[in-house]
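A.B. asks:
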Amino acid sequence: MGKFDLPKIDLHLHLDGSILPETAWELVQKQGIAVPAEDLKSFLPLIMVPKDCRDVNECLERFEIPVQILQDQDALKRVTEELIGWLAKEGVAYAEIRFAPQLHTRKGLTQKDAIDAVLAGREAGLQAHREIGIGIILCAMSIGGETVNMEENLETVRLTKEYLGKGVVALDLAGAEGIVPLSNFVPIFDLAREEKVPFTCHAGDSQGPETVADALNFGAKRVGHGHHIYEDAALCERAKREGTTFEICPTSNVCCQSTSGYGAHYAKKMFDLGLRVTINTDNMTLFDLNLDKEYEHCIHDMGFSEEDILQMLLYSAEATFQNQAEKAALMERILAYKREA
Ligand SMILES: [Zn+2]
Numbered sequence: 003m004g005k006f007d008l009p010k011i012d013l014h015l016h017l018d019g020s021i022l023p024e025t026a027w028e029l030v031q032k033q034g035i036a037v038p039a040e041d042l043k044s045f046l047p048l049i050m051v052p053k054d055c056r057d058v059n060e061c062l063e064r065f066e067i068p069v070q071i072l073q074d075q076d077a078l079k080r081v082t083e084e085l086i087g088w089l090a091k092e093g094v095a096y097a098e099i100r101f102a103p104q105l106h107t108r109k110g111l112t113q114k115d116a117i118d119a120v121l122a123g124r125e126a127g128l129q130a131h132r133e134i135g136i137g138i139i140l141c142a143m144s145i146g147g148e149t150v151n152m153e154e155n156l157e158t159v160r161l162t163k164e165y166l167g168k169g170v171v172a173l174d175l176a177g178a179e180g181i182v183p184l185s186n187f188v189p190i191f192d193l194a195r196e197e198k199v200p201f202t203c204h205a206g207d208s209q210g211p212e213t214v215a216d217a218l219n220f221g222a223k224r225v226g227h228g229h230h231i232y233e234d235a236a237l238c239e240r241a242k243r244e245g246t247t248f249e250i251c252p253t254s255n256v257c258c259q260s261t262s263g264y265g266a267h268y269a270k271k272m273f274d275l276g277l278r279v280t281i282n283t284d285n286m287t288l289f290d291l292n293l294d295k296e297y298e299h300c301i302h303d304m305g306f307s308e309e310d311i312l313q314m315l316l317y318s319a320e321a322t323f324q325n326q327a328e329k330a331a332l333m334e335r336i337l338a339y340k341r342e343a
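Going from the sequence shown to the working numbering is simple: count from 1 and add 2.
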């Protein structure tokens, strides 16, 4: 159980950025992947973001080795199962783990094979840790001009539809922001809406509020990061009206320099405006992080109270991609904690 003994929720958590470091090192050796490291200690900087990281792109480079070692079903299953064990140990009540199936096809797996492996890992993790709830989000990717991988992205949308209710709960668009306008990805979200696939979308992290406007125009009810919305008052009003939930990941934003520090982060100002702010880790290994550390930063560096943390957890519970009954049960756990506190 973690330090904050409350029903914690992580809505924004990438599988490839959250591999147990020992496992990553073991898989590198087992698969004979050449890396400039001779032991775990010298290997860690290759999969963790340095404190003086330049920008989001330097953060993204830290995914290269994790993606390289996750090209077979055994590895995908194992890291998923282990991540669930890690979350359970931290006292997380519910988490949505996301990954991009198309990044795991370098050695011949299909997107479907990758999803099957992650779902097998989810099943094994849930068998061993019955107290936790886990949903899987499938990411479409922004890796260049939108035409480069539009086919793969549309396949991910169709597979999300196929696997809804089988452990997969939603779709996301992840990857580098700002290579091309986010609005260029509209076909992905048109198909998602047509197929009634729930989705979230990375926006407004390294880029400005206009990208959050794009996400809202797609019909996103949740936005990954999105903190730069605060620079546009009218857009904040719109997000408030539409009940948009923001998957804020403070340490990720600080490490990747999309904000100048915890104290300068817009999250508390957004929360005070009445926006639905939630607190998440983004990548537990990449940033050497867990939710307890994020809540500590919230309270000591960002101006949130413990009461605010509970309110944000209620926002998280309401915004999960679970069904209504599951959401209500999660909210009741938080309210029960609140009554006893
Ligand atoms: Zn993310």
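From the three backbone atoms N, C-alpha and C, an ideal C-beta is built for every residue, glycine too.
Which residues end up in the neighbourhood of ligand 3 when you take C-beta atoms closer than 6 Å to any of its heavy atoms?
C.D. replies: This structure lacks ligand 3; the ligands present are ligand 1.
A.B. asks: Give the list of continuous alpha helix (DSSP H) stretches no shorter than 4 residues that lie fully inside the segment 207 to 279.
C.D. replies: Counting whole runs of 4 or more residues, the segment 207 to 279 contains the alpha helix (DSSP H) stretches 211 to 220, 235 to 244, 252 to 257, 269 to 275.
A.B. asks: Within 10 angstroms of the Cβ of GLU196, are there 16 or more other Cβ atoms? Answer buried if so, exposed if not.
C.D. replies: Looking up residue 196 in the sequence shown gives position 194. Answer is exposed; the Cβ neighbour count stays below 16.
A.B. asks: Quick check on GLY4: does DSSP put it in helix, strand or coil?
C.D. replies: Numbered from its first residue, the sequence shown carries residue 4 at position 2. Residue confidence is low: GLY4 scores 49 on pLDDT, short of 50, so the model does not pin down where it sits. No coordinate-derived value is stated.
A.B. asks: Quick one: using the 10 Å Cβ neighbour count with 16 as the cut-off for buried, is GLY1 buried or exposed?
C.D. replies: Only positions 3 to 343 of the chain appear in this structure, which leaves residue 1 out of reach.
A.B. asks: Note down the Cα distance separating ASN151 from LEU193, rounded to an integer number of angstroms.
C.D. replies: What you label residue 151 is simply residue 149 of the sequence shown in a count that begins at 1. What you label residue 193 is simply residue 191 of the sequence shown in a count that begins at 1. Roughly 15 Å between the two C-alpha positions.
A.B. asks: Can you look up LYS32 in the DSSP assignment and give me helix, strand or coil?
C.D. replies: By 1-based counting over the sequence shown, the position of residue 32 is 30. The answer is helix: DSSP assigns LYS32 an H, G or I state.
A.B. asks: Looking at PRO103: is its Cβ nearer than 8 Å to the Cβ of LEU140?
C.D. replies: One-based indexing of the sequence shown puts residue 103 at position 101. One-based indexing of the sequence shown puts residue 140 at position 138. Yes, these two residues count as a Cβ contact at 8 Å.
A.B. asks: Are the beta-carbon atoms belonging to ILE181 and GLY146 less than 8 Å from one another?
C.D. replies: The residue labelled residue 181 in the question sits at position 179 within the sequence shown. The residue labelled residue 146 in the question sits at position 144 within the sequence shown. For ILE181 and GLY146, yes; Cβs fall inside 8 Å.
A.B. asks: Could you name the residues that DSSP lists as bridge partners for THR202?
C.D. replies: As a working mapping, residue 202 is identified with position 200 in the sequence shown. DSSP lists ARG224 as partners of THR202.
A.B. asks: Quick one: what's got a C-beta closer than 7 Å to LYS329's C-beta in the same chain, skipping five residues either side?
C.D. replies: Position 327 of the sequence shown holds residue 329. Cβ within range, chain order: ALA319, GLU320, THR322.
A.B. asks: Would you call the segment 42 to 58 and the segment 79 to 93 in contact, with 3 or more CB pairs under 8 Å?
C.D. replies: Segments in contact, no.
A.B. asks: Tell me whether the beta-carbon of LEU173 lies closer than 8 Å to the beta-carbon of THR162.
C.D. replies: Taking the sequence shown and counting its residues from 1, one reaches residue 173 at position 171. Taking the sequence shown and counting its residues from 1, one reaches residue 162 at position 160. Cβ distance < 8 Å, so LEU173 and THR162 count as in contact.
A.B. asks: Check for me: the beta strand (DSSP E) holding CYS141 runs from which residue to which?
C.D. replies: The residue you call residue 141 lines up with position 139 of the sequence shown. First-last of the beta strand (DSSP E) with CYS141: 135 to 144.
A.B. asks: Inspect the CB distances between the segment 163 to 172 and the segment 291 to 308 and report whether three or more fall short of 8 Å.
C.D. replies: The answer is no - the segment 291 to 308 does not touch the segment 163 to 172, with fewer than three Cβ pairs under 8 Å.
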